[in-house]
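A quick write-up on the structure given underneath.
Residue numbers (the working numbering): 334 to 1115.
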């Protein structure tokens, strides 16, 4: 009986053993708290131990009312005045040599530490009501004052000593305590408003978050800091951005080194998670640190880490799956953010690290092996990354690596994963776009020219295909035809090379590579020339569907080179003004309208920024000059009847590089114009034979009518044929002969059908019998 009585007494006295049932009602909780209340109110030396037991009781009860009842007990030690501690006392506390004079101070510090730790643990695990929030708000300043005091003054004495001294340190894990306290008070539904508005809290939080990265393997110690920083960022992003932006850029080197270590060694997914969370938060809130990360090749190593993560065997354990999802989400967020900021330079680095292959390998993780959490979110991340890659395909360096990656995916048979992926359509569009641009790239290679700065030879066509030019490996800007020329030009190039290398070391975005700039220019005008063949039909359909749009105002063609596929849309003057560059907008529009030119707005991504360019290209309105049906150079000239410089404009068209100096040309007449305008615009000429220009057309409309009378009509008896020619009144027969002569040349040079020639002659009402034989000769010649 005596032993049983002792056993019952041991189970009843909770304060001695700390044994508590798994579930506890509020009544049982109140009974067990009574003795703790008396100990704390008396200020007993056993207060720290009593508060520890009270913390376990509240967590076990898991009731908001229980926490509300005992919260004053946790706040009681915090109501004491903050003591003034001398340096000597701090040294003795640090050494563990505590005499009678330091015992009260030691008990107070111990009680405050346990009190703050209890508030942190209970706030993180228990249900918090509005009443509890109100009590915490009222006492937050008191909590923060003690927290700041312990953080600034007593942080060292609460850590185990680093030397081999025999003194026992105060067994309080302060570093874990401050992380838990700020983490718990910044959770949703707590008092994050008061925390972020208190001066110095965010700075302390970020400082400890940075210090925790020194031991990246301690997941439990670092994870609360991550959550607290993320919560503060959601509530006060601007304040957090200012604090994170003040971090020393050398911290980026620490993060990248840890990432390299994780990529090269087989480490746990927890370690990957911590590093990638640092990577994500730094690039999200600090452009300065994002730049420092890019300088340390973080894009390459982040892409390699993603490939390493998704290359693991697909597992079914919930914890591992969550880690894989979290790591992938951090990597994709960082890459998409960096692609947007750094442009095609970051895309090339990621593709070289195997990012595209990793995206395809990741499909079984997220879409093919049963239900997955946040599938819509990952679909968004994957499509965003693919869109960023597709928007940079206008650059030769990106297209080269991207086409190589796609060929590797086809060779390994990984495309079968894409059949049921949510972004299968996006992938198909990207692949089709890459195939089209690859064909254009082949044509560009044959026509591309790049002079060698040493020997001034032209690097073109077969030279680049079969013998790639040498590029300076330090500045990555200048190309040479051989290693000999590179050494020869080093004296002139070394200053520029050193400056370019220093700019790269500082993270300055370099100018476009010469090959990238050349290919983008070629692609831009190649696409515009293709659009010219369907532009008139698109404009006609637009005006039919929008009859309210004035006919006098032109339509602007907007070309999005940054979309998959490249988008071509029509815009009004007001809509286009919002997209086009503001410089010389009105002047460019007026000039294009005066010369009957078609306006294009090219939109593309360049070095992380959206660039717009206004291009004026001739439209086939009244007059279209053609040297070949598939000519890339189309110049339009609007022949104003009142203009005094018609011949000068025609000669300027003849002098364009697309026309040879000895080839006759026909300026085609618009069938929708009036007969008078057609006669003025009809010019069949050869620069070497200016006599082929038509005689001047009289300004008198009556004379124009006389000109087009049939051949059997009597002319004015007082006027002979020679006089009429001298007066500038061409007869219909001479006009028809000139037209047919031009059609004969046209049929040989351009290759137009005889049917069009007949239709053209019929429009001019040519009935002369002597011209029929000439037309027959055109048919036989064609």
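In this text, a Cβ means the ideal position worked out from N, Cα and C, and glycines have one as well.
request  = Please say whether residue 668 and residue 718 have beta carbons closer to each other than 9 Å?
outcome  = yes
ask   = How long is the line joining the alpha carbons of residue 564 and residue 462, rounded to whole angstroms?
value = 19 Å
request  = Using 10 angstroms around the beta-carbon of residue 387, count the other beta-carbons present and answer buried if the total reaches 16, otherwise exposed.
outcome  = buried
task = Look at the Cβ atom of residue 446, then the Cβ atom of residue 517, and state whether they are nearer than 9 Å.
result = no
query = Rounded to whole angstroms, how far is the Cβ of residue 416 from the Cβ of residue 438, which I believe are closer than 8 Å?
reply = 6 Å
ask   = Under three-state DSSP, which class holds residue 846?
value = When secondary structure is reduced to three states using DSSP, residue 846 falls in the coil class, being assigned neither helix nor strand.
message = Looking only at its chain, what residues have a beta carbon closer than 7 Å to the beta carbon of residue 1023, apart from the 5 residues adjacent to it on each side?
response = Here residue 1023 scores only 33 on pLDDT, less than 50, and its place in the model should not be relied on; the value that follows carries that caveat. Once the five neighbours on either side are set aside, residue 1023 has no close Cβ partner at all.
inquiry  = Let's test the definition: count the other Cβ atoms within 10 Å of the Cβ of residue 451 and tell me whether it reaches 16, buried, or not, exposed.
reply    = buried
request  = For residue 1032, I'd like the list of residues in its chain whose CB is within less than 8 Å of its CB, leaving aside the five on either flank, ordered along the chain.
outcome  = Low per-residue confidence applies at residue 1032: pLDDT is 38, beneath 50, and the placement is therefore not dependable enough to give any value.
key: Other residues of its chain near residue 1094: CB distance less than 6 Å, five sequence neighbours each side excluded   = With a pLDDT of 41 at residue 1094, under the threshold of 50, the predicted position of this residue should be treated as unreliable, though the coordinate-derived value follows. Excluding residues within five positions, none has a Cβ falling inside 6 Å.
query = Does the beta carbon of residue 633 come closer than 9 Å to any beta carbon on chain D?
reply = The chain inventory of the structure shown lacks chain D, comprising one protein chain alone.
query = Looking at the structure shown, is residue 940 part of a helix, part of a strand, or coil, going by DSSP?
reply = coil
ask   = Considering residue 683, what are the terminal residues of the alpha helix (DSSP H) in which it resides?
value = For residue 683, the enclosing alpha helix (DSSP H) has its first and last residue at 677-685.
key: residue 950 burial status per 10 Å Cβ neighbour count (16 or more: buried)   = Residue 950 is buried by the Cβ-count criterion.
query = Shortest alpha-carbon distance to residue 562 belongs to which of 550, 722, 553, 535?
reply = 535
message = My output table needs one value for residue 784: the three-state DSSP class, helix, strand or coil.
response = strand
ask   = Can you tell me whether DSSP reads residue 946 as helix, strand or coil?
value = strand
key: Per DSSP, cross-strand counterpart(s) of residue 889   = 904
query = What residue does the alpha helix (DSSP H) around residue 382 start on, and which one ends it?
reply = 380-394
query = Just how far apart, CA to CA, sit residue 616 and residue 670?
reply = 8 Å
query = In three-state DSSP terms, what is residue 863?
reply = helix
query = Between residue 605 and residue 644, what straight-line distance do the alpha-carbon atoms span, to the nearest angstrom?
reply = The alpha-carbon of residue 605 is positioned some 14 Å away from that of residue 644.
request  = Compare the C-alpha of residue 520 against each of 548, 545, 474, 568 and name the closest.
outcome  = 568
Local Cβ density within 10 Å of residue 364, reported as buried at 16 or more and exposed below that = Sixteen is the threshold: since fewer than 16 other Cβ atoms of the shown chains lie within 10 Å of the Cβ of residue 364, the residue is exposed.
message = So for residue 407, helix, strand or coil by DSSP?
response = If DSSP states are grouped into helix, strand and coil, residue 407 belongs with the helices.
key: Whole-angstrom C-beta distance between residue 913 and residue 934, which should lie under 8 Å   = 5 Å
query = For residue 560, which of 547, 827, 525 has the nearest alpha-carbon?
reply = Closest in alpha carbon position to residue 560, among 547, 827, 525, is 525.
C-alpha distance - residue 661 paired with residue 690, whole-angstrom precision = 14 Å
request  = Check each candidate in 896, 467, 905 and name the one with the smallest Cα separation from residue 716.
outcome  = Selected option, being the one with the closest Cα: 896.
message = Here's the rule: buried if 16 or more other CB atoms are within 10 angstroms of the residue's CB, otherwise exposed. What is residue 819?
response = buried
key: Whole runs of the alpha helix (DSSP H) within the segment 701-786, excluding any shorter than 4 residues   = 708-724, 729-745, 757-780
request  = Count the other CB atoms, across all protein chains shown, that sit within 10 Å of the CB of residue 583; report buried if there are 16 or more and exposed otherwise.
outcome  = exposed
task = Can you say whether residue 443 is buried or exposed, counting buried as having 16 or more other CB atoms within 10 angstroms of its CB?
result = Classification for residue 443: buried.
query = Run through DSSP, which three-state label would residue 933 get?
reply = strand
ask   = Does the distance from the CB of residue 572 to the CB of residue 558 come in under 9 Å?
value = no
request  = Name the one or two DSSP bridge partners that residue 951 has.
outcome  = 930
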